[in-house]
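Working notes, structure below.
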Amino acid sequence: MSKIPDIKEGEKVYEAGSGSCDCAYCDSTGLCAFPKPTPTCIKAIFPQPTAKERDTICGHGDMTDTLRILMMDMHNIRRAQLASGQLKYDGQSFPSATNMNRLIWSCALEKEAHDYLATCPKEAYKNPTCLGPMENFYRATISGNSSTFKETSKKILKQWWDVYQNYPNPGLSADYTASLIDTPVESYTRMAWAQTREIGCSIAKCGNEYLQSCRYRPNGNVINKPIYNVGHVCSECYTLGAGPCGSGGLCG
Numbered sequence: 008m009s010k011i012p013d014i015k016e017g018e019k020v021y022e023a024g025s026g027s028c029d030c031a032y033c034d035s036t037g038l039c040a041f042p043k044p045t046p047t048c049i050k051a052i053f054p055q056p057t058a059k060e061r062d063t064i065c066g067h068g069d070m071t072d073t074l075r076i077l078m079m080d081m082h083n084i085r086r087a088q089l090a091s092g093q094l095k096y097d098g099q100s101f102p103s104a105t106n107m108n109r110l111i112w113s114c115a116l117e118k119e120a121h122d123y124l125a126t127c128p129k130e131a132y133k134n135p136t137c138l139g140p141m142e143n144f145y146r147a148t149i150s151g152n153s154s155t156f157k158e159t160s161k162k163i164l165k166q167w168w169d170v171y172q173n174y175p176n177p178g179l180s181a182d183y184t185a186s187l188i189d190t191p192v193e194s195y196t197r198m199a200w201a202q203t204r205e206i207g208c209s210i211a212k213c214g215n216e217y218l219q220s221c222r223y224r225p226n227g228n229v230i231n232k233p234i235y236n237v238g239h240v241c242s243e244c245y246t247l248g249a250g251p252c253g254s255g256g257l258c259g
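The numbering of the sequence shown is our numbering, which starts it at 8 and goes up by one.
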């Protein structure tokens, strides 16, 4: 057993402050899950609601309904294209999907993404239980002075999805295999995972960088499981309890 060191008179026990600058991520108890690699504190800046850009869907602040709808729609439009067989790789169409759910917005997932970005993290959150929401994470230096949260988010979402063009396996076979772990295409497979029903995202500026996190539930990217079931569009919607087939080939 390790010996607990004696505290000497006059020795500092801990650093006073809010704690948010010295933790890379806090757990549910408020303790540091792991410390930041540097003591430098950069405050995260989030999009703020205004009279024009309102925050009525969740009411958390630090987000607008316009951004929420944009992020959700950009996911669902692409999922519908995939489900209906409109995506192609090298001239060959991806198979259509029988069970592609329409995503709905989760205020709880948005809050989780927001709280993580508030720490200005360097990388995606690694969930130690592997049971929590899956996350797509982006961090990059801002190019130019004209970037906005809306335009940046659109570029990020497009980048996450478009990596499918470089990886034929996940599209043409519709399977998630071990060979895809820790590859860029994981952002596409998270966005495309048919059984996922909820999404929640947040976007922030930390210094001269933009950060965006999107979390998904139920989890996707399960090894040796299909990204979606191949077959006639929407044919399993009722069977799987996902409701009717809506416009674009999405269930629910």
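By construction, the Cβ of each residue, glycine as well, lies at the ideal position given by its N, Cα and C atoms.
Is the closest heavy atom of the ligand COA to the C-beta of residue i under 8 Å?
| i | result |
| --- | --- |
| A120 | Inclusion of the ligand COA in the displayed structure is not the case, the ligand content being empty and no account of it being possible. |
If residue i and residue j are in contact, beta carbons under 8 Å, what's the gap, nearest whole angstrom?
| i | j | result |
| --- | --- | --- |
| P222 | G238 | In the sequence as presented, Pro is not what sits at residue 222; that position holds Arg. About 29 Å; that fails the 8 Å criterion. |
| W112 | I64 | 6 Å |
| A104 | N228 | Actually they do not touch by this definition, with Cβ atoms about 16 Å apart. |
| Y96 | Q172 | 7 Å |
Can the beta-carbon of residue i be found less than 9 Å from the beta-carbon of residue j?
| i | j | result |
| --- | --- | --- |
| C258 | C241 | yes |
| M70 | K165 | no |
| Y145 | I163 | yes |
| A125 | Y217 | no |
| N143 | L110 | no |
| N134 | A185 | no |
| L74 | S160 | yes |
For residue i, report the span of its beta strand (DSSP E) as first-last.
| i | result |
| --- | --- |
| I76 | Note, I76: premise wrong, no beta strand (DSSP E); alpha helix (DSSP H) at 72–90. |
| T148 | 141–148 |
| I206 | 205–213 |
| Q219 | 216–224 |
Report the rounded CA-to-CA distance for residue i versus residue j, giving the unit in angstroms.
| i | j | result |
| --- | --- | --- |
| C28 | W200 | Because C28 sits at a pLDDT of 46, beneath the cut-off of 50, its placement in the model cannot be relied upon, and the point is left open. |
| N226 | P56 | 30 Å |
| Y195 | Y245 | 26 Å |
| R61 | R204 | 25 Å |
| K59 | D72 | 10 Å |
| Q202 | R86 | 11 Å |
| E130 | L116 | 18 Å |
| S154 | I52 | 14 Å |
| P54 | E119 | 16 Å |
| V192 | K157 | 23 Å |
| I49 | H121 | 15 Å |
| N106 | G255 | 12 Å |
| W167 | Y123 | 19 Å |
| P211 | D169 | Sequence check: residue 211 is Ala here, not Pro. So the two alpha carbons sit approximately 22 Å from each other. |
| P128 | M141 | 16 Å |
| I149 | N215 | 6 Å |
| H67 | I76 | 15 Å |
| G92 | F101 | 6 Å |
| T190 | Y174 | 10 Å |
Span of the alpha helix (DSSP H) holding residue i?
| i | result |
| --- | --- |
| M198 | 193–199 |
| E119 | 114–124 |
Helix, strand or coil: which one does DSSP assign to residue i?
| i | result |
| --- | --- |
| K59 | coil |
| S160 | helix |
| D182 | strand |
| V170 | helix |
| K232 | strand |
| L110 | coil |
| K165 | helix |
| P44 | In this predicted model, P44 has a pLDDT of only 45, less than 50, meaning its place in the structure is not dependable enough to derive any value. |
Do we get a CB-CB distance below 9 Å when we pair residue i with the residues of chain B?
| i | result |
| --- | --- |
| C127 | Among the chains in the structure shown there is no chain B, since it carries only a single protein chain. |
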